[in-house]
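I have placed the structure first, in the form of structure tokens, so that the comments after it can refer back to it.
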Amino acid sequence: MAEAYIVDAVRTPVGKRGGGLSTAHSADLGAHVIKAVMDRSGADPATVEDVIFGCCDTIGSQAGDIARTCWLAAGLPEHVPGVTIDRQCGSSQQSVHFAAQAVMSGTSDLVVAGGVQNMSQIPISSAMTVAEPLGFTDPFSGSQGWVERYGTQEVSQFRGAEMIADRWDLSREDMERFALTSHERALRAMDEGRFDGEIAPYGDVLADEGPRRGTTLEKMSSLPLLEGSKKLTAAVASQISDGASCVLIASEKAVKEQGLSPRARVHHISVRADDPIFMLTAPIPATRFALEKAGMTLDQIDVVEINEAFASVVLAWEKELRPDMEKVNPNGGAIALGHPIGATGTRLMTTLLAELERVGGRYGLQTMCEGGGQANVTILERL
Ligand SMILES: CC(C)(COP(=O)(O)OP(=O)(O)OC[C@H]1O[C@@H](n2cnc3c(N)ncnc32)[C@H](O)[C@@H]1OP(=O)(O)O)[C@@H](O)C(=O)NCCC(=O)NCCS
49 MAEAYIVDAV RTPVGKRGGG LSTAHSADLG AHVIKAVMDR SGADPATVED VIFGCCDTIG
109 SQAGDIARTC WLAAGLPEHV PGVTIDRQCG SSQQSVHFAA QAVMSGTSDL VVAGGVQNMS
169 QIPISSAMTV AEPLGFTDPF SGSQGWVERY GTQEVSQFRG AEMIADRWDL SREDMERFAL
229 TSHERALRAM DEGRFDGEIA PYGDVLADEG PRRGTTLEKM SSLPLLEGSK KLTAAVASQI
289 SDGASCVLIA SEKAVKEQGL SPRARVHHIS VRADDPIFML TAPIPATRFA LEKAGMTLDQ
349 IDVVEINEAF ASVVLAWEKE LRPDMEKVNP NGGAIALGHP IGATGTRLMT TLLAELERVG
409 GRYGLQTMCE GGGQANVTIL ERL
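Just so we're aligned, residue 49 is where the sequence shown starts under the numbering used here, counting upward by one.
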């Protein structure tokens, strides 16, 4: 199988809901990271064969194949196509997998993979709520097959996160301690300039807006519970955010012909699924499957990025996989930094790659929980 190389990776800062990126059009956010990755890599944009972008809630500014619109809004050659994909929160990680598969199969030599989401302008689950006048309250309950299999119970990430906390015996305080660590690590990374190389500032937005200075366990414990929840508060959930991120993936041929300097190779890609009602547990079987398929153990992995959709997701994964938590989300995660859903996959990968370089590590593993009970796993080898 041919190698797929990651030539470069870049992201916008992650903006808070209503913050510095909230008025930016999603196509402009995506265009910004595409231009940055092309400029930084030195690759010829005319030789890009496809642009694969993850995005959820593809309505309004995100409708009509946002991948294509981002590329065109970047002023790049019209003959390069684009395709938008939706694997929920893992959409841009999946875009990397599709791009890598295209290169590994020998059908493409240069592909841009990324994602974008403006959750300030297009709130999460908007694609469902706008369809209510058409008679659809959710994507499941009208399906005979779905109802026969799963009934009419609530399907939501909040319910899933709470069910996970109950099954893995995680208290509110366990989750708050984890959330505090996420903020502390993200702030340390910002203060030490660890994100500087991976961020392409957007206008006057220079840095991530989510991490909270001065948050404490005491403050978190005083927050009200989310509606209908016995354990979850805003502090233990990922933040609603805006942002874009992308990577450039190349074949050996493109690397040689264009004199590119790849930063990593894609060592392993896979995706697995689990119970769609628990929804957020799949990183557990997906990590086991990926390690087994790659013939590796977790000890061989130098840095892990697992998306902090909710604290319970990572803590349940920790209980099952027993990793060294110093190597897991060493620069914080979505609880502190935010989770612009379509963009988070390549945001995590951008950060993973920079951290591997910072610590001189060899292998990095990324996994994320996704709607439908799914999870992608990517293992990168730093070059
Ligand atoms: C959990 C959620 C509903 C909370 O929404 P929200 O109530 O609007 O959240 P906010 O961030 O405004 O926080 C609410 C309050 O808690 C406070 N707060 C939140 N985290 C805090 C922390 N770590 N420390 C101190 N205070 C905190 C905020 O300051 C805010 O108080 P304020 O209104 O006085 O400013 C929202 O973030 C969410 O939907 N997250 C999940 C997104 C998602 O599902 N993504 C997909 C993953 S599967």
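Using N, Cα and C, we set each Cβ at its ideal position, and we do this for glycine too.
All values derive from a computational prediction rather than experimental measurement.
query                                                                                                                                                             : result
Kindly identify the DSSP beta-bridge partner or partners of N433.                                                                                                 : Look at the range of the chain in this structure, 49 to 431, and you will see that residue 433 is not part of it.
Put K267 into one of helix, strand or coil per three-state DSSP.                                                                                                  : helix
Count the CB pairs spanning the stretch 160-174 and the stretch 284-293 that are closer than 8 Å, and state whether there are at least three.                     : yes
First and last residue of the beta strand (DSSP E) that includes G251?                                                                                            : Neither: G251 is in no beta strand (DSSP E) and is coded neither H nor E.
Can you tell me the Cα-Cα spacing of G162 and T392, whole angstroms?                                                                                              : 9 Å
Considering D372, what are the terminal residues of the beta strand (DSSP E) in which it resides?                                                                 : Careful: D372 lies outside any beta strand (DSSP E) and carries neither H nor E.
Who are the near neighbours of D323 in its chain, counting only those whose CB is closer than 8 Å to its CB and skipping five residues on each side?              : T329 and G421
Here's a check: name, in chain order, each residue in its chain whose Cβ is nearer than 6 Å to the Cβ of P433, leaving out the five neighbours to either side.    : The requested residue 433 is not part of the displayed model; the chain covers only 49 to 431.
Going by beta carbon distance, what residues of the same chain come within less than 7 Å of A50, once the five residues before and after it are set aside?        : V151, M152, G154, S299 and E300
Under a three-way DSSP split, which group does L228 fall into?                                                                                                    : helix
Quick one: using the 10 Å Cβ neighbour count with 16 as the cut-off for buried, is V85 buried or exposed?                                                         : buried
Name the residue from T95, G66 and C137 whose alpha carbon lies nearest to the alpha carbon of E126.                                                              : T95
Is the stretch 195-214 touching the stretch 344-352 in the sense that three or more CB pairs, one from each, lie closer than 8 Å?                                 : no
With a floor of 4 residues, list each alpha helix (DSSP H) that falls wholly inside the stretch 325-407, ordered by position along the chain.                     : 331-342, 359-369, 382-385 and 389-407
Taking the CB atoms as reference points, tell me whether L228 and L265 lie closer together than 8 Å.                                                              : yes
Rounded to the nearest angstrom, what separates Q136 and Y198 at their Cα positions?                                                                              : 20 Å
Cβ of A52 within 8 Å of Cβ of L158?                                                                                                                               : no
Measuring straight from C-alpha to C-alpha, what distance separates T132 and I114?                                                                                : 6 Å
Using the three-state DSSP reduction, which class does G412 fall into: helix, strand or coil?                                                                     : strand
Taking one C-beta from the stretch 359-373 and one from the stretch 266-277 each time, how about it: are there three or more such pairs within less than 8 Å?     : no
Quick one: is M238 buried, meaning 16 or more other Cβ sit within 10 Å of its Cβ, or exposed?                                                                     : buried
Taking A357 as the reference, give the member of E403, M223 and P187 with the closest Cα.                                                                         : M223
Given that a residue counts as buried once 16 or more other Cβ atoms are within 10 Å of its Cβ, and exposed if not, what is M397?                                 : buried
In this structure, how does DSSP classify T95 when only helix, strand and coil are distinguished?                                                                 : helix
Taking 7 Å as the cut-off, is the C-beta of Q142 nearer than that to any heavy atom in ligand 1?                                                                  : no
Quick one, are the C-beta atoms of L431 and R242 less than 8 Å apart?                                                                                             : no
Out of curiosity, what's the CA-to-CA distance linking R59 and V99?                                                                                               : 16 Å
Quick one: does M373 have its CB under 8 Å from some CB of chain B?                                                                                               : The structure shown contains no chain B; it is built from a single protein chain.
Look up A57 in the DSSP assignment and give the residues it is bridged to.                                                                                        : V295
To the nearest angstrom, how far is it from the Cα of V407 to the Cα of S174?                                                                                     : 40 Å
From what residue to what residue does the beta strand (DSSP E) around I133 run?                                                                                  : G130 to I133
Look at the alpha carbon of I354 and the alpha carbon of L77, and state the distance between them as a whole number of angstroms.                                 : 24 Å
The beta strand (DSSP E) spanning A321 covers which residue range?                                                                                                : A312 to A321
Hey, would you say A234 sits closer than 8 Å to G380, going by beta carbons?                                                                                      : yes
Between E240, S219, R236 and E429, which lies nearest to A359 when the distance is taken from Cα to Cα?                                                           : S219
Spatial neighbours of G67 within its chain, please: CB distance less than 6 Å, with the 5 preceding and 5 following residues excluded, ordered by chain position. : E257
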